[in-house]
Each structure stands twice: as structure tokens, then as C-alpha cells.
Amino acid sequence: MKKYSIQIANLFYLVQSEDDSVFFAPEPGYEHFLTENQKSNVVVKVQCGTPDISDFEKVFDVPEDASGQKLWTIYKKNEIYCIVCKQQNIYGREIQAFFDSTFCKWNLFIRNERQEKLIIDPLAYPLGPIIMLYATQMHDGIVLHASGVEYKNKGLVFCGFSGKGKTTISNIFARAGATLINDDRLIIRKIDNRFKVFNTPMHYPDKPKEMTPNSIFIIEHSSEHKFKPLTGISAVANISAMCIQHHFASVLLSNQLQTITELEKNILAGKLGFSPDKSIICFIEKLFK
Amino acid sequence: MSSIYRKKYEYVLKASGNEYILVPITKNIAEMNAIYTLNETGTAIWEMIDGINSVDDIAHHLHEIYDVDYTKALEDVELFLKKMNALLEKI
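Protein sequences appear in the order of chains P and A. For what it's worth, our numbering labels the leading residue of the first sequence as 18, then goes sequentially. For what it's worth, our numbering labels the leading residue of the second sequence as 2, then goes sequentially.
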């Protein structure tokens with residue numbers, strides 16, 4: 018296909034190409050997020066080529082991965098940014114992804130000197146999650162390292178880095194009948210003055226889900242259940258630390274802080290230590306009484 | 002001669018009630034979770050760190066604006082500089 022649309026957290030992404038060599042095949046994780054809706058908050062145009070960015074300045078870097086390669090780097094010239102990355106699903110080819118200060122208009126160039134036919138998903142890792150992150154931050158939203166469940170009409174968000182227990186605690190609730198929104202990454206957006214939690218495309222197929230957040234817990238394993246509420250600046254700082262974020266553009270950070278400042282006024286937030294057994298369900302239920 | 006400091010990075014400063022969150026734009030994914038909270042005094046000190054005002058200048062400013070003893074003001078400034086050391090550089 019030459020054009021398709023996806024919907025994530027009520028934002029619409031239009032992906033298209035007029036290049037004769039480029040065809041699209043979205044990865045399985047995006048399958049249930051495809052939409053016929055022609056709205057577009059974000060436009061991603063794809064073509065072959067290798068524009069010269071030798072006069073761009075490097076503005077953001079990631080550490081090397083296990084193989085010693087940097088997966089992506091961000092450059093900038095005037096008000097135009099360029100992410101240079103390699104994507105596994107395009108046989109390790111380099112992509113240059115240009116975007117402007119709206120963070121929602123993208124032009125992707127794929128190295129293809131031999132003009133071979135390319136059947137690709139331009140939203141595969143790492144570029145897809147990056148495009149989604151910036152679009153979310155520009156539309157009253159944040160992306161969290163978090164799991165989320167809806168249990169007895171309460172939207173529970175559990176934040177934590179890898180190994181802190183996001184999957185463990187969400188599985189405890191799921192076994193008790195909760196709806197699992199996702200166990201690793203969530204978007205929270207303010208839409209029509211109300212906050213909503215959404216799942217995002219993962220490496221496996223999953224249907225779009227959403228819930229209203231009632232609480233954000235910053236979790237860690239503990240020998241006993243304990244809860245320390247957080248409010249105001251402390252809540253904002255702690256939730257901010259759990260966000261996926263790239264510190265190179267002040268507008269993205271500023272938007273993120275604004276969203277969190279408003280969010281924390283509407284929810285129960287706090288640090289939750291838990292031991293991995295189902296008594297945590299009762300413990301959390303009592304917090305709402 | 003009193004030392005002069007400047008900020009190493011651009012930053013975002015967000016008010017929440019009487020306090021502020023400061024997030025440095027370090028351009029480095031390893032430091033993406035570095036977040037600082039400042040009270041009103043800390044914010045006043047931060048905003049005076051500009052590569053021109055010396056430590057003494059900042060302490061005098063606090064002494065005048067907040068009507069605090071100069072020695073105490075100087076202590077506060079030096080404590081602040083120590084706390085925010087990672088974001089500042091001495092000229």
C-alpha cells in the first residue's frame with residue numbers, strides 16, 4: 018500500500034509515499050490501530066534519498082547499544098530537525114527523518130541507491146515510538162513507563178522502570194478480573210478537559226484500550242505494602258521522572274510539565290511499595306475509601 | 002574576589018504553587034530523569050546565575066529583597082551552588 022492511517026490515543030497519523038520504490042506493510046503491532054479515518058494530526062511522508070546534513074548540528078544522542086552502535090541521533094539546522102537512525106526491518110538501512118518545530122510534520126528519506134523495491138513499516142522501532150512520543154507531547158499528553166488496569170471502575174496506573182514490578186502488579190489485578198490496558202507503556206492525554214489513559218502499539222498485536230485514570234502509583238518491590246501520598250510539586254517531579262522524554266526541545270518538556278501539573282490535581286498519586294501477592298488489591302482499594 | 006557561575010544547559014522552569022520544577026535540557030538521554038525542585042529563594046538565586054552576577058552580588062540581592070542577614074544569605078547561596086553543582090560551571 019502507498020498510504021495508511023493509524024489512531025493512537027485519539028491522535029491520527031497519516032503515513033504516505035509518492036515514491037515508486039516505497040510500499041508499506043505495517044508491523045503486526047499496528048494492525049488493530051489502523052483506521053479508515055482520514056483525519057491527520059501527524060503526517061509522515063516517505064521517499065528514498067540521502068539528503069546532505071553535514072551542516073546540521075548534533076543536539077541529542079543516545080548511548081551505544083550492546084553491539085556498540087548508536088541507534089539514533091538528532092541533528093538540527095535552524096528550525097529543522099533530523100533524526101538519523103537505522104531500522105532493522107529495512108535491512109539495517111539508514112533513515113533520515115526530518116521534522117519541523119510542530120513535531121508533527123515528518124519527511125523520511127531512506128537510503129536506496131539501487132532503487133530497489135522497499136516494502137517497509139516506517140513506524141517500526143525506533144522511529145515509530147519517537148514520532149508517537151513527540152506528537153503526544155504536542156497534544157496535551159505524556160508517555161509513561163507504566164502498566165495500567167481498570168478494576169471496579171478505578172483506573173490504576175503503576176509507574177516504574179524495568180524490574181520494579183509493573184507487570185507483576187498488573188498481572189495480580191488481571192487475575193482478579195481487572196482489564197489490563199498494558200503492562201509496559203501508556204499514554205495519558207487531556208481530551209476535552211478530561212484525562213484518559215491509552216495503550217500503544219507494541220511488538221505484539223493488541224487492541225486499542227482506554228480508561229479514565231484515578232491514580233498513579235510509583236511502585237517498587239517491598240517486604241510489606243506501604244503507601245506514601247504525593248501532591249503538588251513532589252507529585253509532578255516524581256511523575257515527570259517516569260515519563261519517556263528526550264531533553265532537547267524546551268517546548269516538549271514545557272508541555273509535558275503542564276500536562277502533569279494538571280493531571281496530579283485530578284488523581285491520587287503516591288509511592289507504593291508492594292509485596293507480590295493479591296493482598297495488594299485490598300490495600301489499594303482501601304486507599305480510595 | 003567573589004566567584005561567578007553560569008548555567009551549563011538550557012532549562013525549563015515550571016511553577017506549581019509556591020515551588021518550581023527545574024528540568025535541564027541536557028541533550029543526553031542518560032540524564033533524562035534529572036529533575037530539581039526549587040523554592041522561591043532557590044528560584045531567585047537560579048535566575049541570578051547568569052555569568053555576570055557574582056556570588057556576593059546574589060547574596061546582596063537576597064539580603065535586600067528578603068530582608069535576611071547577609072551572612073545567612075551568603076550561606077544559602079553557597080548551599081544552593083553545591084546542590085546544583087551538576088548544572089553550573091564556574092567562570
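We treat Cβ as the ideally placed atom computed from N, Cα and C, and that holds for glycine.
query, result
"Partner residues on chain P for Gly18 of chain A, Cβ-Cβ distance less than 9 Å", "Gly249 and Ile250"
"Start-to-end residues for the alpha helix (DSSP H) that takes in Arg192 of chain P", "Lys183 to Arg192"
"Chain A contact residues for Ser118 of chain P, given Cβ-Cβ distances below 7 Å", "Residues of chain A passing the Cβ test: none, with the nearest at roughly 15 Å."
"Beta-carbon separation (whole angstroms), Thr38 of chain A vs Ala254 of chain P, contact threshold 8 Å", "5 Å"
"Backbone secondary structure at Tyr221 of chain P - three-state DSSP", "coil"
"Closer than 7 Å at the beta carbon, the chain A residues around Val76 of chain P", "Lys28"
"Contact with chain A by Leu144 of chain P, beta-carbon distance below 8 Å", "no"
"Secondary structure, alpha helix (DSSP H): runs of 4+ residues fully inside the segment 112–170 of chain P", "144–154"
"Listed by chain order, chain P residues near Glu11 of chain A by CB distance under 8 Å", "Ser267"
"Residue environment, Glu167 of chain P, which counts as buried when at least 16 other CB atoms sit within 10 Å", "buried"
"Contacts of Ile50 of chain A in chain P (Cβ-Cβ under 9 Å)", "Result: empty, since nearest Cβ-Cβ is about 18 Å, beyond 9 Å."
"Chain P residues whose Cβ lies nearer than 9 Å to that of Thr38 of chain A", "Ile250, Ser251, Val253 and Ala254"
"Pair within 8 Å by beta-carbon distance, Ile137 of chain P and Val39 of chain P", "yes"
"Strand pairing of Gly172 of chain P, partner residues [DSSP]", "P:Glu167"
"Phe175 of chain P: CB within 7 Å of a non-hydrogen atom of the ligand FMN", "The ligand FMN is absent from the structure shown, which contains no ligand whatsoever."
"Buried or exposed by the 16-neighbour rule on C-beta atoms within 10 Å, applied to Pro43 of chain P", "buried"
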